[in-house]
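To start, the structure itself, in structure tokens.
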Amino acid sequence: MSTMTIDKSGPTRKVKYGSMSRDRTWALRWSYFFLTLFAIFSLTPPFYMLITSLKGSAEISAATNPWWVHQPTLENYVQLLTSNQFLRFFWNSAWVSIIVVTVTMLISVPAAFALARMKFWGSATLATGVFLTYLIPDSLLFIPLFKMFAVFGDLTGIQLVNRWYVLLFIYPTLTVPFCTWIMIGYFASIPKELDEAAIIDGASWFQTLTRIFIPVALPGLIAATIFAFTVSWAQFLYPLVFTTSTDQLVLPVGIITTLIKGDVFNWGQIMTGALLGAAPPLIIYAFLMDYYIAGLTAGATKG
Amino acid sequence: MADVSLRKVVKRYDEVEAVRGIDLDIADHEFVVLVGPSGCGKSTTLRMIAGLEDISDGDIMIGGDVVNDVPPKDRDIAMVFQNYALYPHMTVAENMSFGLRLKHYPKAEIKSRVTEAARMLDITDLIDRKPKQLSGGQRQRVAMGRAIVRNPKVFLFDEPLSNLDAKLRVQMRIEIKKVHQKVRTTTVYVTHDQVEAMTLADRVVVMNHGRIEQIGTPNELYHKPATKFVASFIGSPAMNFVPCRLEDAAGKLNVRLTDRLAFTLPPARAARYQALSRTDKLLLGIRPEHVMEARPHAEPGVEPFDAMLDVTEPMGMETLVYFTLEGSQVCGRVSPNAGAQDGSPLRLAVDLNNMHLLNEVTGAVL
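Protein sequence lines correspond, in order, to chains A and B. Numbering-wise (this note's numbering), the first sequence opens with residue 3 and increments by one. Numbering-wise (this note's numbering), the second sequence opens with residue 559 and increments by one.
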């Protein structure tokens with residue numbers, strides 16, 4: 003038997019048990035700290051809007067605590083919801099958004115499918131090009147766009163400037179590139195064998211898109227829809243530039259142009275209008291959030 | 559059902575030739591396995607038969623018709639992929655019936671075909687499940703079911719068992735063989751696993767560097783390999799190769815391995831190799847089962863010799879022994895009772911009736 007000497011004089015190290023769970027606890031604490039901070043930061047403005055929307059104009063201008071309602075009233079809501087003008091803005095916004103979302107999806111889903119799957123000459127360059135167009139800020143584009151529609155009106159006699167439907171031509175320049183880009187990503191994540199299987203099963207390209215790709219990439223489709231809706235619903239600069247008559251305005255511009263008269267700010271109604279305007283996107287997010295997160299590709303291939 | 563023919567088929571990707579002009583005739587009802595190392599062009603060949611890849615040159619015929627420009631859906635083929643490629647949003651039944659529904663088959667016919675295929679593959683209970691609720695083996699069965707219900711002219715399998723664990727792979731191999739015995743559809747099967755190729759195929763096509771090395775039944779490939787590549791690729795453990803040369807000694811023909819070790823060839827072998835040059839650099843090819851422990855009585859063509867074992871691997875029913883000859887490692891199979899031990903000498907024998915002689919430069923079996 004061989005002898006062995008063990009050096010016991012070396013520094014002893016204290017073994018820490020459960021250091022993994024301690025790390026995790028601290029990570030969680032910091033996460034909650036920052037999440038709470040950001041939640042407060044982002045929820046304060048809507049909360050202030052809600053408080054103010056429940057106040058009468060006398061209480062708003064009085065020097066009381068701005069974070070508390072002493073005499074709650076629904077008069078702002080009643081006034082706005084019975085005002086034909088406000089409802090007009092609302093409908094204009096709704097029509098514009100619904101049509102823009104539909105048009106965007108009808109263009110960007112097939113475009114993304116073609117760019118992601120039907121490898122043709124220049125498809126990769128085109129895909130990058132699509133994304134680059136999205137990077138051009140709208141504040142650079144509105145003047146040439148305005149000029150284009152004005153010239154188009156002069157040449158053809160078809161007047162589009164100061165009509166709410168002019169926005170149907172403009173918004174897709176923002177939504178189509180981005181949605182196409184999102185959908186390219188989702189389609190690219192679908193295994194190649196899935197469309198090959200469909201093609202061998204006898205599906206045409208169109209059937210592969212409608213019966214395999216769209217159902218499988220549904221979370222991506224919903225993400226793109228939400229994005230397109232939010233962009234068209236909240237767009238401010240373009241409608242401010244292209245529409246001026248009150249019956250042609252959409253909600254964000256309408257609130258600003260009709261509720262601020264000179265230097266008189268009707269704060270109660272502005273806040274109420276903004277809150278009501280924020281409601282549709284909120285509702286849509288709430289309903290579609292689960293789909294947004296869910297991954298439907300599980301089980302397609304080995305995983 | 560139909561036969562499949564490839565005539566001088568070439569596939570080029572820009573500068574690279576993945577498939578370099580292959581000719582292959584697959585008879586009706588035949589089960590042909592394309593086997594080879596990765597990058598040998600076997601999958602590309604299969605995908606060209608499927609129509610998923612264009613062919614750069616040559617002709618592919620299915621049932622006598624040239625299908626070079628026929629799209630996959632009109633070739634009447636079905637394919638099973640390595641990663642199953644099931645439609646994740648459809649149930650098993652919907653996955654299997656997708657192709658039939660696209661072709662507007664009557665509902666009753668679809669149902670009966672799906673039921674029949676599910677019964678054959680033993681997945682009747684899973685028919686309403688989604689792919690994510692299935693295990694790997696079950697998914698592969700569904701993928702096969704999807705091919706079977708279409709009743710196509712040709713089945714194409716692209717490494718269908720590679721994603722399964724070893725035990726399941728053996729089980730599914732038997733399933734595939736059973737299915738083929740029942741439906742008798744012409745089948746082209748791609749794998750890199752030579753055991754799969756040997757066990758499944760009516761004929762095996764060994765491919766290497768985009769070319770066909772040899773076509774033959776599993777036994778032909780094993781016992782009569784045409785090249786060193788086939789000889790080393792088929793069989794496990796692989797065939798041993800030892801540098802050697804021929805020499806004449808007292809009217810007999812010897813194969814000399816080292817200065818001290820030479821074997822006298824049995825008459826049949828001597829006659830076959832008599833004409834070869836005595837100066838050529840040759841390789842003696844011998845399978846491990848033909849290197850065994852020396853028996854007490856002499857047998858014609860079985861030559862005893864002493865070896866110093868490097869390593870032994872007891873497998874239960876046999877023991878694999880490894881030793882070095884002229885710098886080459888040689889593997890032999892001996893009885894577990896032969897007393898083989900790491901680092902100790904053992905009296906072995908080589909059965910020269912089953913030897914191969916190869917040209918060391920060209921790799922051709924002589």
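Beta carbons: idealized from backbone N, C-alpha and C, even for Gly. These numbers come from a predicted model, not from an experiment.
For A:N86, the enclosing alpha helix (DSSP H) starts and ends at 86-119. According to the DSSP secondary-structure assignment, B:R891 is paired through a beta bridge with B:L878. In the displayed model, A:Q161 falls within coil according to three-state DSSP, outside both helix and strand.
Interface criterion not met: the Cβ of B:Y880 is under 8 Å from no Cβ in chain A. Counting along the chain, no alpha helix (DSSP H) covers B:Y571; the unbroken beta strand (DSSP E) around it starts and ends at 562-571. Between the region 756-771 of chain B and the region 605-621 of chain B there are fewer than three inter-stretch CB-CB distances shorter than 8 Å, so the stretches are not counted as touching.
When C-beta distances to chain B are compared with 7 Å, the residues of the region 195-223 of chain A below that value are E195, L196, E198, A199, I201, I202, D203, G204, A205, Q209, I214, P217, V218, in chain order. Neighbours of A:P193 in chain B, taken as residues at a C-beta separation under 8 Å, are given in chain order as N641, A643. Note on the region 591-631 of chain B: whole alpha helix (DSSP H) runs with a minimum of 4 residues are 600-608, in chain order. At least one beta carbon of chain A lies nearer than 8 Å to the beta carbon of B:I635.
Nearest CB-CB separation between B:G621 and chain A: not below the 8 Å threshold. Pairing B:I681 with B:Q696 gives a Cβ-Cβ distance under 8 Å.
Between the C-alpha atoms of B:V788 and B:L883 there is a straight-line separation of about 22 Å. Rounded to whole angstroms, the separation of the alpha carbons of B:I668 and B:R659 is 8 Å. Spanning the alpha carbons of B:F715 and B:I706 requires a straight line of approximately 12 Å. As the crow flies, the alpha-carbon of B:A608 is around 12 Å from that of A:G204. In this structure, the straight-line span from the alpha carbon of A:F35 to that of A:R24 is close to 17 Å. Here the alpha carbons of A:Y173 and A:A114 stand approximately 18 Å from one another.
Here DSSP, grouped into helix, strand and coil, assigns B:H848 to helix. For A:L253, the enclosing alpha helix (DSSP H) covers residues 253-261. With fewer than three CB-CB distances shorter than 8 Å, the region 580-590 of chain B does not count as touching the region 624-643 of chain B.
In the pairwise beta carbon analysis, the region 251-263 of chain A is classified as touching the region 76-92 of chain A: at least three pairs are separated by under 8 Å. Residues of chain A with a Cβ closer than 7 Å to the Cβ of B:F713 do not exist, since the nearest Cβ in that chain sits about 11 Å away. The three-state reading of DSSP puts A:K149 in helix, counting H, G and I together. In the structure shown, B:N777 falls within a helical segment according to DSSP collapsed to helix, strand and coil.
The alpha carbon of A:A116 has as its nearest neighbour, out of A:T212, A:V153, A:L157, A:G279, the alpha carbon of A:T212. Residue burial is scored here from C-beta neighbours: B:E573 has fewer than 16 other C-beta atoms within 10 angstroms and is therefore classed as exposed. Within chain A, no residue has its beta carbon less than 7 Å from that of B:P718; the closest one is some 11 Å off.
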